[in-house]
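S.K.: Quick one: this structure, given as structure tokens, is what I'll be asking you about.
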Amino acid sequence: MKRNIGRIDKADFPLLNLFDIEVKIDTGAYTSSIHCKNMKVEDCYLKCNFLDEEHPSYHEKEIVFDEYDVKVVKSSNGQSEARYRIKTEVVLFGKTQPIYLTLSDREEMRFPVLLGRNFLSKKYMVDINKTNLSFKLKQKK
Numbered sequence: 001m002k003r004n005i006g007r008i009d010k011a012d013f014p015l016l017n018l019f020d021i022e023v024k025i026d027t028g029a030y031t032s033s034i035h036c037k038n039m040k041v042e043d044c045y046l047k048c049n050f051l052d053e054e055h056p057s058y059h060e061k062e063i064v065f066d067e068y069d070v071k072v073v074k075s076s077n078g079q080s081e082a083r084y085r086i087k088t089e090v091v092l093f094g095k096t097q098p099i100y101l102t103l104s105d106r107e108e109m110r111f112p113v114l115l116g117r118n119f120l121s122k123k124y125m126v127d128i129n130k131t132n133l134s135f136k137l138k139q140k141k
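Quick note on full-length UniProt numbering: the sequence shown kicks off at 1 and runs consecutively.
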């Protein structure tokens, strides 16, 4: 059975050491994406920093991935671009789930994370009139 999720929420990404991060539920996007800076590949390892200094959850830690790939995605303006993609975990409604995230500079965007259709399908029904359903459940515990 699908769980209701609102148009925005807050999620945890424990493997990235990011907690209560604002996410936008975007049924118009196929892939999910996270704000990332300073992406570079050295000796076959992808290294990057998540969020930026203005974000309250920014922690300056460089995260290193030995498993990643490159995915061509079409951005909201219709341009195709190659982006690094990682597999990590997201916690919503107290449940840890695997998720693929493309890495993108979202500095100009309000939300550092987009959750797209690929992640949402078969798990969630989006209720555009609701917000922070998962975060409210977390706060009750």
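From the three backbone atoms N, C-alpha and C, an ideal C-beta is built for every residue, glycine too.
Just so it is clear, the structure is predicted and the values come from calculations on it, not from any experiment.
Using 8 Å as the cut-off, can you tell me whether the segment 91-101 makes contact with the segment 52-62, which would need three or more C-beta pairs spanning the two stretches below that distance?
M.R.: Verdict: no, contact absent.
S.K.: Rounded to a whole number of angstroms, what is the C-alpha to C-alpha distance between Gly78 and Asp66?
M.R.: If you number the sequence shown from 1, residue 78 lands on position 78. If you number the sequence shown from 1, residue 66 lands on position 66. One C-alpha to the other measures close to 30 Å.
S.K.: Exposed or buried, Cys48, counting other C-beta atoms within 10 Å across all chains shown (16 or more means buried)?
M.R.: The count along the sequence shown starts at 1 and reaches residue 48 at position 48. Result: buried.
S.K.: Measuring only the C-alpha atoms, how far is His35 from Met1?
M.R.: By 1-based counting over the sequence shown, the position of residue 35 is 35. By 1-based counting over the sequence shown, the position of residue 1 is 1. So the two alpha carbons sit approximately 30 Å from each other.
S.K.: Measuring only the C-alpha atoms, how far is Glu107 from Asp52?
M.R.: Taking the first residue of the sequence shown as 1, we reach residue 107 at position 107. Taking the first residue of the sequence shown as 1, we reach residue 52 at position 52. Their Cα atoms are separated by approximately 8 Å.
S.K.: Have a look at the DSSP bridge pairing and note the partners of Asp127.
M.R.: Here residue 127 refers to the residue found at position 127 of the sequence shown. Answer is Gly6, bridged to Asp127.
S.K.: Check whether the segment 80-89 touches the segment 113-130, taking contact to mean three or more Cβ pairs, one atom from each stretch, closer than 8 Å.
M.R.: Result no; under three Cβ-Cβ pairs closer than 8 Å.
S.K.: Counting only the same chain and skipping the five closest in sequence on each side, list residues whose C-beta sits under 6 Å from that of Gly116.
M.R.: In the sequence shown, the residue the question calls residue 116 occupies position 116. Around Gly116: Asp26, Ala29, Tyr30, Thr31, Ser32.
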